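A.B. asks: Quick one: the structure is below, questions incoming.
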Amino acid sequence: MNEIKKRKIHISLDDFGTGYSSLSYLADFPIDILKIDRSFISKIGKNKQEAIVSAMIAMGKAMGMMVVAEGIETKQQLQYLQDLECDIAQGFFFSKPLPEKEATTYLEQHRLIPS
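Quick note: to get our numbering, add 543 to the position in the sequence shown (first position is 1).
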């Protein structure tokens with residue numbers, strides 16, 4: 544992984560908090576981007592998961608990582624993540640998956656890429 548980093552390629556830990564992702568990976572590997580799994584984001588506003596999401600964001604930022612929240616579906620979720628200064632948000636709140644041509648048009652219309 545260090546050889547990959549030397550080539551200026553960013554390394555992302557996807558679906559953090561589930562499956563094989565582990566806290567030990569954060570210390571043992573040169574991770575640049577921490578992607579919080581949608582299963583945590585979907586429960587924002589519903590239970591104590593907010594404390595876990597908050598801790599994940601704080602931990603990632605303290606370790607110098609960019610933090611991405613996956614699976615945002617509501618304005619409430621987005622606002623909560625913005626309040627915590629999460630770096631990147633992705634999910635159906637912004638758009639469902641689109642074919643290439645429609646995606647380009649969508650991005651141009653929403654000023655996410657230059658026309």
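Ideal Cβ positions, reconstructed from N, Cα and C, are used throughout, including at glycine.
This structure is a prediction, so every number in the text was calculated from the model and none was measured.
For Ser-638, which of Lys-604, Arg-550, Glu-613 has the nearest alpha-carbon?
C.D. replies: As a working note, residue 638 is residue 95 in the sequence shown. Residue Glu-613 is the option with its Cα nearest to Ser-638.
A.B. asks: When the Cα atoms are used, what is the spatial distance from Val-610 to Thr-647?
C.D. replies: Here residue 610 refers to the residue found at position 67 of the sequence shown. Here residue 647 refers to the residue found at position 104 of the sequence shown. C-alpha separation (whole angstroms): 25 Å.
A.B. asks: Under three-state DSSP, which class holds Ile-587?
C.D. replies: Indexing the sequence shown from 1 puts residue 587 at position 44. Reduced to three states, the DSSP call for Ile-587 is coil.
A.B. asks: Between the C-alpha atoms of Phe-572 and Leu-556, what's the straight-line distance to the nearest angstrom?
C.D. replies: As a working note, residue 572 is residue 29 in the sequence shown. As a working note, residue 556 is residue 13 in the sequence shown. In this structure, the straight-line span from the alpha carbon of Phe-572 to that of Leu-556 is close to 10 Å.
A.B. asks: What separation, rounded to the nearest whole angstrom, lies between the Cα atoms of Gly-560 and Ala-601?
C.D. replies: Position 17 of the sequence shown, counting from 1, holds the residue named residue 560. Position 58 of the sequence shown, counting from 1, holds the residue named residue 601. Cα to Cα, the separation comes out at about 14 Å.
A.B. asks: Pick out whichever of Lys-604, Asp-626, Leu-569 has its Cα sitting closest to the Cα of Ile-587.
C.D. replies: For this step, residue 587 is matched to residue 44 along the sequence shown. Cα-wise, what sits closest to Ile-587 is Asp-626.
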